[in-house]
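A quick write-up on the structure given underneath.
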Amino acid sequence: MVAPINLHPEAALSLTLAVISSSSTPLLLLNEELRVVAASASFCRDFGIDPASISGQELAKVGAGEWAAPQLMSLLEATASGAAEIEAYEMDLNRQGEPVCHLVIRAHKLDYSDKNQVLLVMAVADMTQAHADEKFKDDLVRQKDILLREVQHRVANSLQIIASVLMQSARKVQSEETRGHLHDAHHRVMSIAAVQKQLAASTLGEVELAPYLVQLCKSLSASMVHDHKQLSIEVEVDESVIDADVSVSLGLIVTELVINALKHAFPDHRHGTINVAYHSQGPNWTLSVSDDGMGMPENMEDAKPGLGTNIVEALAKRLEAKVAISNERPGTAVSVAHRQISVVDADVVLETA
Amino acid sequence: MLAQRFSAKLENAMSPSRPVVLVVEDHVLIRQGALDIVNSAGFEALEAQSADAAIMILESRTDIRLVFTDVEMPGTMDGLKLVHYIRDRWPPVHLIVASGKAILAESQLPAGAKFFFKPYDETSIIEMMTKMLAEPPRPQH
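Going down the list, the protein sequences come from chains A and B.
Everything in the first sequence is counted per our numbering, starting at 7 for the first residue and increasing by one.
Everything in the second sequence is counted per our numbering, starting at 2 for the first residue and increasing by one.
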């Protein structure tokens with residue numbers, strides 16, 4: 007809304023002309039016939055118009071006639087008659103030998119005491135640079151997206167090559183023991199791959215733990231359990247969403263502990279269940295893998311620490327968590343717990359081992 | 002290796018009823034792994050390094066019942082175009098697609114085709130192949 011100016015018409019006009027000519031925003035003052043009454047120096051400079059010849063010229067003939075867009079003309083006529091106001095009319099200005107300018111034009115009829123003379127102010131904003139900046143930013147975002155997809159794709163393909171080679175070797179070797187090691191290596195690769203898969207579906211580098219561990223255990227069970235009536239793996243995970251890096255470590259710990267239970271807890275086709283659980287409270291969390299199998303050997307020295315145990319210890323240390331093993335009669339429970347703040351409530355103290 | 006292949010071929014010749022699976026994959030190590038999977042599932046495996054080569058093989062014989070293909074491959078056609086082409090030209094052939102690209106959804110595949118994210122779980126692939134090949138051939142449109 008423009009405040010009415012209560013000056014003598016001539017004084018008002020002269021003030022308007024002074025304001026227009028000194029404006030840093032390109033401005034035109036037009037009369038009812040859409041002839042230029044005054045133009046700002048900035049208008050002449052930005053759009054290559056000779057300031058000496060512009061006064062009195064029809065807007066449609068300014069420059070080489072590049073302003074004569076029919077839609078702009080009719081909008082300005084409607085504004086002059088008081089039927090409309092131009093809030094933001096976008097147009098491309100094509101000048102010979104110059105790059106196209108993306109303009110946003112505003113125009114309104116001046117409201118002042120001389121009702122006989124109609125004057126319009128037309129302001130021109132050149133959005134070319136702003137549009138270019140925005141396009142540049144959009145392009146960057148799109149490029150980043152494409153690159154990220156490409157990287158994820160390459161990682162997936164590389165993991166596939168590793169997995170394929172390990173399985174081919176496992177099929178070829180004669181030694182049962184070596185075959186076992188190659189299968190374990192394959193499980194470790196697949197465990198990391200499962201995180202990649204969850205990551206590809208997320209945008210923030212965070213992973214929903216529950217679907218990840220469910221999928222991981224499903225694939226371990228599919229490849230290691232021959233009789234699903236004999237053995238089953240249950241997964242109980244809260245709704246935690248965690249950093250991808252941490253989830254890779256948790257996944258590898260689960261992989262090792264589940265492989266270990268499958269290998270040692272259920273000899274001679276013993277029936278049973280392996281339970282994988284993860285619960286968090288604030289920054290504290292506990293991951294546990296327990297089974298109802300034959301339990302640990304009486305003589306702990308019989309249990310040789312293998313690569314699996316080393317992996318669990320090393321990853322737990324990395325996560326600043328403590329590993330506790332307990333004989334559950336029947337079965338064994340291994341818990342990996344991270345305590346950042348001590349919990350007073352007895353119900354949630356899980357370090358009972 | 003050669004002797005193994007030869008004996009595998011002899012065995013095929015003696016039991017012509019083993020379903021034939023065509024593996025399409027440009028990476029040699031992944032392709033060998035996939036051929037291994039097909040063989041260990043008890044099917045006869047054929048291999049192609051590109052979609053174009055796969056089509057030539059499909060044109061040359063009538064016993065291929067399942068195509069297991071990668072998506073990103075060099076040549077005039079990728080795996081996605083390949084499976085649509087196969088579904089149009091040889092409707093009864095079962096289709097399994099594997100890719101490392103997460104954006105691929107089964108909605109982009111012909112009806113009945115199954116998608117696996119790479120690296121795939123071999124057991125799941127074998128289960129899917131066995132399930133598909135146990136079904137009667139897909140009805141003609």
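C-beta: ideal position from N, C-alpha, C; glycine also.
Treat the numbers as computed from the prediction; the structure is a model and nothing was measured.
Assign residue i to buried or exposed, taking buried as 16 or more other Cβ atoms, counted over all protein chains shown, within 10 Å of its Cβ.
| i | result |
| --- | --- |
| residue 44 (chain B) | buried |
| residue 110 (chain B) | buried |
| residue 122 (chain A) | exposed |
| residue 273 (chain A) | exposed |
| residue 266 (chain A) | buried |
| residue 70 (chain B) | buried |
| residue 20 (chain A) | exposed |
| residue 34 (chain A) | buried |
| residue 135 (chain A) | exposed |
| residue 131 (chain B) | exposed |
| residue 202 (chain A) | buried |
| residue 135 (chain B) | exposed |
| residue 80 (chain B) | buried |
| residue 288 (chain A) | exposed |
| residue 119 (chain B) | buried |
| residue 210 (chain A) | exposed |
| residue 115 (chain A) | buried |
Does any C-beta atom of chain B lie closer than 9 Å to the C-beta of residue i?
| i | result |
| --- | --- |
| residue 166 (chain A) | yes |
| residue 203 (chain A) | yes |
| residue 286 (chain A) | no |
| residue 137 (chain A) | no |
| residue 355 (chain A) | Confidence is the limiting factor: at residue 355 (chain A) the pLDDT is only 47, short of 50, which leaves the residue's position unreliable, though a coordinate-based value still follows. Chain B, which has no Cβ nearer than 9 Å to the Cβ of residue 355 (chain A), makes this no. |
| residue 174 (chain A) | yes |
| residue 195 (chain A) | yes |
If distances are taken between C-alpha atoms only, which option among the options comes closest to residue i?
| i | options | result |
| --- | --- | --- |
| residue 115 (chain B) | B:124, B:57, B:123, B:99 | B:99 |
| residue 24 (chain B) | B:55, B:30, B:41, B:42 | B:55 |
| residue 100 (chain A) | A:110, A:72, A:88, A:180 | A:72 |
| residue 64 (chain B) | B:21, B:79, B:96 | B:21 |
| residue 218 (chain A) | A:341, A:282, A:299, A:170 | A:282 |
| residue 328 (chain A) | A:300, A:292, A:334 | A:292 |
| residue 332 (chain A) | A:325, A:199, A:342 | A:342 |
| residue 317 (chain A) | A:269, A:279, A:191 | A:191 |
| residue 51 (chain B) | B:89, B:77, B:36, B:128 | B:77 |
| residue 254 (chain A) | A:117, A:295, A:321, A:278 | A:321 |
| residue 38 (chain A) | A:315, A:125, A:148, A:154 | A:125 |
| residue 324 (chain A) | A:140, A:102, A:344, A:204 | A:344 |
| residue 237 (chain A) | A:297, A:198, A:204 | A:297 |
| residue 207 (chain A) | A:155, A:225, A:130, A:177 | A:155 |
Under a CB-based cut-off of 9 Å, is residue i close to chain A?
| i | result |
| --- | --- |
| residue 19 (chain B) | no |
| residue 99 (chain B) | yes |
| residue 6 (chain B) | Low local confidence applies: a pLDDT of 47 at residue 6 (chain B) is under 50, so the model's placement there is unreliable, with the coordinate-based value given in what follows. Judged by the 9 Å Cβ criterion, residue 6 (chain B) is not in contact with chain A. |
| residue 120 (chain B) | yes |
| residue 34 (chain B) | yes |
| residue 37 (chain B) | yes |
| residue 124 (chain B) | yes |
| residue 56 (chain B) | no |
| residue 47 (chain B) | no |
| residue 3 (chain B) | Confidence at residue 3 (chain B) is low in this model, with a pLDDT of 46, below 50, so the placement of that residue should be treated as unreliable; the coordinate-derived value is given next. It does not; no Cβ of chain A falls within 9 Å. |
In terms of DSSP beta bridges, what is residue i paired with?
| i | result |
| --- | --- |
| residue 278 (chain A) | A:237 |
| residue 284 (chain A) | A:243, A:293 |
| residue 108 (chain A) | A:98 |
| residue 23 (chain B) | B:47, B:68 |
| residue 122 (chain A) | None, per the DSSP bridge assignment. |
| residue 259 (chain A) | Note: residue 259 (chain A) sits in no beta bridge, so no partner. |
#### Entry: alpha helix (DSSP H) runs contained entirely in the region 83-136 of chain B, provided each spans 4 or more residues
123-135
### Task
Let me know the alpha helix (DSSP H) ranges lying completely inside the region 20-65 of chain A, each 4 residues or longer, listed in chain order.
Within the region 20-65 of chain A, the runs of alpha helix (DSSP H) that reach at least 4 residues and sit entirely inside it are, in chain order, 47-52, 57-60.
### Message
Suppose only complete runs of 3+ residues qualify. What are the beta strand (DSSP E) ranges in the region 30-74 of chain B, listed by chain order?
### Response
45-49, 65-71
### Query
Which runs of the alpha helix (DSSP H) spanning at least 4 residues fall entirely within the region 160-231 of chain A, listed in chain order?
182-207, 215-230
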